[in-house]
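The next block holds one structure in the form of C-alpha cells; read it before the comments.
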Amino acid sequence: LEPSIFGLKPSYDMVRLIADFIAKYMTSPNLEIEAKLGRLVDKDTKQRILDPTLSFANLWVDSALTSVVIAPEQSWLRFESNMTLGKRIAYKHTREVDCYYKHDGIKVRVTTDQDTSQVLASITKEKIADLNIYSPRTPFDFRISVNEEKPGKPCTFLHQLAFTIPEETSPLLERQKDRISYKHDIFSFDLTQVTVPAEKPRVNPYATGPPQPPPEPKLVHELEIEIMNSSAVFEERTRYVSGQPNQLFEVAQVFLNNIKVLAKQAPQSPSRTA
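Residue numbers (the numbering used here): 179 to 452.
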C-alpha cells in the first residue's frame, strides 16, 4: 500500500511533540535532556492519575512522578538479556554519594566516591522544562526534562567544592547511589538504587519505656535515559527550527522507542515520589 492518497507518511504525533519540546527548550548545547520513568500521581490523592485516553497523552495537571522499585534482581537480569546484540553496549557500575548544600540561596550537589571519598563533581542544577507523558498501556509513565547543570569551580572545601561553605555545615540531604549504567548509540541508561539515610530521632528527656528502634533508611530505585551527545542534538535542533534537513525526528523517535521498551520491561511496583 502507498502511505496515503498524497504519497505522504504523516509523522507520529508523540514523536513530533517530543521533537518540538526539544526544539523549544534546548536553547544551548550545554543543556541535558533526560527521561525518568515512574507513575504520574495526583499530589492530593497520591494515586496514579487516570485519564480516559487509551494511548500516550501529554498531561498538564499538577502531578508528581513516583520512582520505580526493581523487585527481584532476576527481573533486571531478564531485561539485560533482551538487549540488542547489534551495536556495542558499554557498561559501568559506580557507587557514589550525593550531598546537597545551600549557599546564597543556591543548592549545590557534591558527588564523592563512596569508597575513597574523593570528590568527583560539584554542580548546580536548574530545571528548564518538563514534559509529562501518561502511558495507560504500560506499567509506568515518564517525564522528559530539559535541565542545565553548571559545574563548580574548585576550592578548599572537600578538595574541589564549587562554593565556599563552612566545613562544619551538614548537608541538607544525602543520597547514596549504587548505579548501573549502559551506553548505546547516543543514549545513557541508568538504573540507580538510592539509599537516603534516616534522620536521627530527637531525644525526648521525658520519654518513658524502652528506647524506640532507629528509623530505617529509605530505599528507592530510579530508571533514567539521557541523551549524551547534547552538542550534536543541538545542531540538529538548530537545523530543525530553521527548516533545514535534520535528524531531530530520528533522535526523538529512538528516544521514545527506548522509553517505551523500558516502560514495558521494568517491574511494576511503584515507590515514593521523586
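Idealized CB from N, CA, C, for every residue including glycine.
Spatially closest choice to valine 275 from Met406, Leu351, Thr205, by CA coordinates
Looking up residue 275 in the sequence shown gives position 97. Considering only Met406, Leu351, Thr205, the residue with the shortest C-alpha distance to valine 275 is Leu351.
Expressed to the nearest angstrom, what Euclidean distance is found between the alpha-carbon atoms of arginine 266 and isoleucine 311?
By 1-based counting over the sequence shown, the position of residue 266 is 88. By 1-based counting over the sequence shown, the position of residue 311 is 133. If I take the Cα positions, the gap works out to 30 Å.
Strand pairing of phenylalanine 367, partner residues [DSSP]:
Position 189 of the sequence shown holds residue 367. Per DSSP, Tyr360, Ile403.
Could you tell me which residues DSSP puts in a beta bridge with asparagine 310?
In the sequence shown, counting from the first residue as 1, residue 310 sits at position 132. According to DSSP, asparagine 310 bridges with Arg321.
What's the gap between the Cα of glutamine 425 and the Cα of lysine 438?
On the sequence shown, residue 425 is found 247 positions in, with the first residue counted as 1. On the sequence shown, residue 438 is found 260 positions in, with the first residue counted as 1. The straight-line gap from Cα to Cα measures roughly 20 Å.
Where does serine 323 land, buried or exposed, given buried means 16+ other C-beta within 10 angstroms?
The count along the sequence shown starts at 1 and reaches residue 323 at position 145. Buried.
Cut-off 7 Å between Cβ atoms - residues of its own chain near leucine 298, not counting five sequence neighbours on either side:
What you label residue 298 is simply residue 120 of the sequence shown in a count that begins at 1. Same-chain partners within the cutoff: Glu274, Thr289, Thr290, Asp291.
Is it the case that the Cβ atoms of histidine 415 and isoleucine 196 are separated by a distance below 7 Å?
Within the sequence shown, the letter at position 237 stands for residue 415. Within the sequence shown, the letter at position 18 stands for residue 196. Correcting the residue type first, residue 415 is arginine in the shown sequence and not histidine. For arginine 415 and isoleucine 196, no; Cβs fall outside 7 Å.
Please state if the CB of aspartate 368 and the CB of arginine 495 are separated by a distance shorter than 7 Å.
Outside the modelled stretch of the chain, which goes from 179 to 452, sits residue 495, for which no answer is possible.
Residue from Ser420, Lys442, Asn435, Ala441 whose Cα sits closest to the Cα of tyrosine 190
If you number the sequence shown from 1, residue 190 lands on position 12. When each option's Cα is compared against that of tyrosine 190, the closest is Asn435.
Output yes or no for whether 7 Å exceeds the beta carbon distance between proline 349 and threonine 373.
Along the sequence shown, one-based indexing puts residue 349 at 171. Along the sequence shown, one-based indexing puts residue 373 at 195. Against a cut-off of 7 Å, the Cβ pair of threonine 373 and proline 349 comes out as no contact.
May I have the straight-line CA-CA distance separating isoleucine 358 from serine 300, to the nearest angstrom?
Mapped onto the sequence shown, residue 358 falls at position 180. Mapped onto the sequence shown, residue 300 falls at position 122. Cα-Cα distance, rounded: 21 Å.
Three-way DSSP call (helix, strand, coil) for threonine 272 in this model
Indexing the sequence shown from 1 puts residue 272 at position 94. Annotated three-state conformation of threonine 272 is strand, per DSSP.
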